[in-house]
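For the protein sequence lines, the chains are Y and V, in the order given.
Residue numbers for the first sequence follow our numbering, beginning at 1 and rising by one.
Residue numbers for the second sequence follow our numbering, beginning at 1001 and rising by one.
Beta carbons: idealized from backbone N, C-alpha and C, even for Gly.
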Amino acid sequence: MSDTDKIDAVLDRHRRDGTRLMQILREIQEQIGWLSPATLTRVAAAVGWPRAEVSGTASFYSFFHKRPRGRYCVLWSDNITDRMLGNADLMDAMCKKLWLEPGRVSEDGLVSVNTTSCTGMCDQGPALLVNYRAVTRMTQARLGEMVGLIRNETPVAEWPAEWFEVEDNIRRKDILLAHDLVPGQALSAALERGPEEMLAEIKAARLRGRGGAGFSTGLKWEACRNAAGSGDNPAHYVVCNADEGEPGTFKDRVLLTSYADLVFEGMSIAGLVVGASSGLLYLRGEYRYLLEPLESALATRREANLLGKNILGSDFEFDIEIHLGAGAYICGEESALIESLEGKPGRPRIRPPFPVTNGYLGQPTTVNNVETLAASCLIAAHGSEWYAQHGTEKSTGTKLLSVSGDCERPGIYEYPYGVTVRQVLEDCGATDSQAVQNSGPSGVCVAEAEFGRRISFEDLPTAGAFMIFDETRDMFEVARNFAHFFAHESCGFCTPCRVGTTLVRNMMDKIARQHGSPYDIDELFKLHRLMQGASHCGLGNSACNPVFDTLNKFRPAYERRLQSLDYEPAFDLDAALSQARQMTGRDDAAAHLATHLPNGAET
Amino acid sequence: MNAPMNTAPSPPRKLRVATTSLAGCFGCHMSFLDIDERLIKLLDLIEFDRSPLTDIKHCGPCDLGLIEGGICNAENVHVLREFRSHCKILVAVGACAINGGLPAQRNHLDLRDVLEEVYQTEHLLGRGGIPNDPELPLPLNKVHPIHEVVKVDYFLPGCPPSADAIWKLLTDLLAGRTPTLGHGLLHYD
Chain Y
1 MSDTDKIDAV
11 LDRHRRDGTR
21 LMQILREIQE
31 QIGWLSPATL
41 TRVAAAVGWP
51 RAEVSGTASF
61 YSFFHKRPRG
71 RYCVLWSDNI
81 TDRMLGNADL
91 MDAMCKKLWL
101 EPGRVSEDGL
111 VSVNTTSCTG
121 MCDQGPALLV
131 NYRAVTRMTQ
141 ARLGEMVGLI
151 RNETPVAEWP
161 AEWFEVEDNI
171 RRKDILLAHD
181 LVPGQALSAA
191 LERGPEEMLA
201 EIKAARLRGR
211 GGAGFSTGLK
221 WEACRNAAGS
231 GDNPAHYVVC
241 NADEGEPGTF
251 KDRVLLTSYA
261 DLVFEGMSIA
271 GLVVGASSGL
281 LYLRGEYRYL
291 LEPLESALAT
301 RREANLLGKN
311 ILGSDFEFDI
321 EIHLGAGAYI
331 CGEESALIES
341 LEGKPGRPRI
351 RPPFPVTNGY
361 LGQPTTVNNV
371 ETLAASCLIA
381 AHGSEWYAQH
391 GTEKSTGTKL
401 LSVSGDCERP
411 GIYEYPYGVT
421 VRQVLEDCGA
431 TDSQAVQNSG
441 PSGVCVAEAE
451 FGRRISFEDL
461 PTAGAFMIFD
471 ETRDMFEVAR
481 NFAHFFAHES
491 CGFCTPCRVG
501 TTLVRNMMDK
511 IARQHGSPYD
521 IDELFKLHRL
531 MQGASHCGLG
541 NSACNPVFDT
551 LNKFRPAYER
561 RLQSLDYEPA
571 FDLDAALSQA
581 RQMTGRDDAA
591 AHLATHLPNG
601 AET
Chain V
1001 MNAPMNTAPS
1011 PPRKLRVATT
1021 SLAGCFGCHM
1031 SFLDIDERLI
1041 KLLDLIEFDR
1051 SPLTDIKHCG
1061 PCDLGLIEGG
1071 ICNAENVHVL
1081 REFRSHCKIL
1091 VAVGACAING
1101 GLPAQRNHLD
1111 LRDVLEEVYQ
1121 TEHLLGRGGI
1131 PNDPELPLPL
1141 NKVHPIHEVV
1151 KVDYFLPGCP
1161 PSADAIWKLL
1171 TDLLAGRTPT
1181 LGHGLLHYD
């Protein structure tokens, strides 16, 4: 089969529909390696979109390649937890063995090695993706073997299966993970109640979104249900947000691995309530390996009459389709996710209008987190009264925490809301902890004095990440890792975030090179205020949080790096003359610059 | 005890102002002159120290320094440091001082390649090799904005900043207000 035949087959399978561009591009790339200019031209013509728009989508996502990418593409997960497990040394060693520079494709087109944002394997790192398949627990021994397999060009499918094993590591179960529901039980309870009563139960249970913001799920579903569809194809949609990109978060991965039925059933219940017959699950590209198991779980549900027409003998019709992302953190923001579902770059929309009235294809859409949807099954089956007994007044139910970093037993812990940080630390075997990064880089850095605080919307809301740092860790380096993350993931749409995240990164690097001064710390505070007030979406608003928190709580980690109390240049001035000295052969006094002035030297 | 009061207040001291163009095109200085007849009013309030307008070669103690252009060679660094150590307030004026601007277009090239092509390999240009007279300042590997070399207090954007924007900055600073440009001088929508 020639490349063009392969491209056409993919296009036909997707009905040459431009809104399916993400899936079209991914499938083509999986088959022929990269997205050449000719491929993009062919796709644009087929879907009837301007070529620039197709190219815009292909350029936006870091997992799409508009240049040949090497037959083996190795991407090391570069979250701080991977760093703490030694990924930098391993990646260095890999590059040396392969005679490679990071980020460059080898001359023979064989291999490239680079870093990528957190791949959601923080409890079993150091992790990497090889040709977009997740590999966990890298060691020096595995590394040597892997380099050999790459040199021999052994297909990734034939690599040792245990490298690709992903553990659930469930350490503590509560009402959700220890549920006793059989597939269909929650859905039939919901059908029995009917949409109105089911909505009333969700509201009475005071269920709130698990993605971090904690918006009332009942209100969201109600607003979506009450909004009218529009245009030629009026419809309502349910979208499950499985773009779990926040570094340090991996609970959705576990739900989708071992509790997929619960998630799909939650989507169906949401469909029943809002009046949707179509659900979309947006799965982050890093979890590509889950696609086939999830597809087969869907097929099983169809066979059991839990999806499709006349579900469980009722007149309710609902089906679910899985869309894969392609490595863009910003798509976790719901309006950016919808843009991505429509085949476009994942740039957050201007709101209002909100997705509940104008979402996917302009129709009323409810976007819910994986865990929220799973929790709705418990409410359908056991009722709101039972559910609201768990947790606290304003945070009912339980929360899954993705625990990683310095502790004996990293993994998934389910707690009723209200648990203290200290309790979690005790349970996972963390000792000498100095800080916890709660809810990921965009969340809050909790210092030891605050370990009595409670995980709840009243005190410490969280999307699930719980990264632990013991007292041997350098909190400045933690914040610097996060600053690099945000600079990489800014979508580039608005200037405060695009420029601001880069300035913050550069300033953190300047301090790391010991070129810093109090001036730079003032600048960081200024940038924090500016980005928080002026950015288009939550990414820019929260991008300075880790810097701001660590500056307030771990300021000495910054101060001991400062060169002096006066201003310091951003670079080595004398070294900046090196090329001119070399080319002119000069070495006289005027061919040098002192980086640090002796007192009064200029007067 | 109360401080003694001046019975006959002397006229306020004139502020001393120094200006220079580093890796710039003097466009910002030209725009400064475009404040036109307001220059006369300004001269009641300020006096110039080192500046292309006075041809004074070195900077004395000043209240205000205005820097046009970025940093492209060793001499720029010396001049900038002289300004910083003598001026209480230092302002980066225009796109080149703030971002490197047009001269920074060379930053994606290796300086060695640039020197080689201009002075050696390009047959219409190459005459006598790469200049190495100690009188000439050496170019830096990259062009930098001035705030990467010294602390800068205020930034006046524009290419060039309009005469009205320069006037606003100066009058704000003279009156002791934090300079703000706002609508019509920075925002246009």
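By the beta-carbon neighbour count (other beta carbons within 10 angstroms, threshold 16), Y/ALA594 is exposed. A distance below 6 Å between beta-carbons, with the five flanking residues on each side excluded, links Y/PHE482 to the following residues of its chain, in chain order: PRO441 and PRO546. No Cβ of chain Y is located within less than 8 Å of the beta carbon of V/ASN1107. Y/GLY211 places its beta carbon less than 8 Å from that of Y/ASN241. Burial state of Y/VAL182 is exposed, judged by a 10 Å Cβ sphere holding fewer than 16 other Cβ atoms. Relative to Y/ALA134, the option among Y/ILE175, Y/SER77, Y/ALA190 and Y/CYS95 whose CA is nearest is Y/SER77. In the assembly as shown, V/ASN1073 is a buried residue. Its beta-carbon has 16 or more other beta-carbons within 10 Å. Less than 8 Å divides the Cβ of Y/VAL74 from the Cβ of Y/LEU128. Between Y/GLU317 and Y/SER258, the C-beta gap is not smaller than 8 Å, which leaves the two residues out of contact. Only those residues of the region 556-574 of chain Y whose C-beta falls short of 7 Å from the nearest C-beta of chain V are listed: TYR567, PRO569, ALA570, PHE571 and LEU573.
Taking a C-beta cut-off of 7 Å against chain Y, the contacting residues of the region 1071-1099 of chain V are ALA1074, VAL1077, ARG1081, GLU1082 and SER1085, listed in chain order. Assignment of Y/ASP470 by DSSP, reduced to helix, strand and coil, places it in the strand class.
Per the coordinates, the alpha-carbon of V/ARG1016 lies some 41 Å from the alpha-carbon of V/VAL1118. In the displayed model, V/ALA1092 falls within a strand according to three-state DSSP. At a cut-off of 8 Å, the C-beta of V/ARG1050 has no neighbouring C-beta in chain Y. Neighbours of V/PRO1139 across chain Y, judged by C-beta separation under 7 Å: ALA580. Judged by DSSP in its simplified three-state form, Y/SER296 adopts helix.
When C-alpha distances from Y/GLY346 are compared across Y/THR4, Y/LEU40, Y/TRP49 and Y/THR57, the shortest belongs to Y/THR57.
Within the region 1147-1160 of chain V, the residues whose Cβ lies closer than 7 Å to any Cβ of chain Y are, in chain order, GLU1148, VAL1149, VAL1150 and LYS1151. Y/LEU291 and Y/LYS510 have their C-alpha atoms spaced approximately 42 Å apart. For V/ARG1112, the neighbours in chain Y by C-beta distance under 8 Å run, in chain order, GLN579, GLN582 and MET583. Closer than 8 Å to the CB of Y/ALA534 there is not a single CB belonging to chain V. The contact set of V/LEU1039 on chain Y, defined by CB atoms closer than 8 Å, is empty, because the minimum CB distance reaches about 30 Å. With fewer than 16 other Cβ atoms from the protein chains shown falling within 10 Å of its own Cβ, Y/ALA157 counts as exposed.
Here V/LYS1057 is exposed. Its C-beta has fewer than 16 other C-beta atoms within 10 Å.
DSSP, reduced to helix, strand and coil, places Y/ARG581 within a helical segment of the structure shown. Pairing V/VAL1079 with V/LEU1156 gives a Cβ-Cβ distance that is not under 8 Å. Around V/ILE1130, the beta-carbon contacts reaching into chain Y at under 7 Å are MET583 and THR584. The straight-line gap separating the alpha-carbon atoms of Y/GLU192 and Y/ARG301 is approximately 19 Å. Taking 8 Å as the CB threshold, Y/TYR282 stays off the interface with chain V.
Taken atom to atom, the span from the alpha-carbon of Y/ALA93 to that of Y/LEU177 is near 40 Å.
Bridge partners of Y/LYS399 according to DSSP: Y/TYR415. Under the three-state reduction of DSSP, Y/GLU458 is assigned to coil, being neither helix nor strand.
The residue from Y/LEU280, Y/GLU222, Y/ARG208 and Y/PRO247 with its alpha-carbon nearest to that of Y/TYR237 is Y/LEU280. Ranking Y/GLU162, Y/ARG409 and Y/ILE150 by CA distance to the CA of Y/TRP99 puts Y/ILE150 first. Among the CB atoms of chain Y, one or more fall inside 8 Å of the CB of V/LEU1115.
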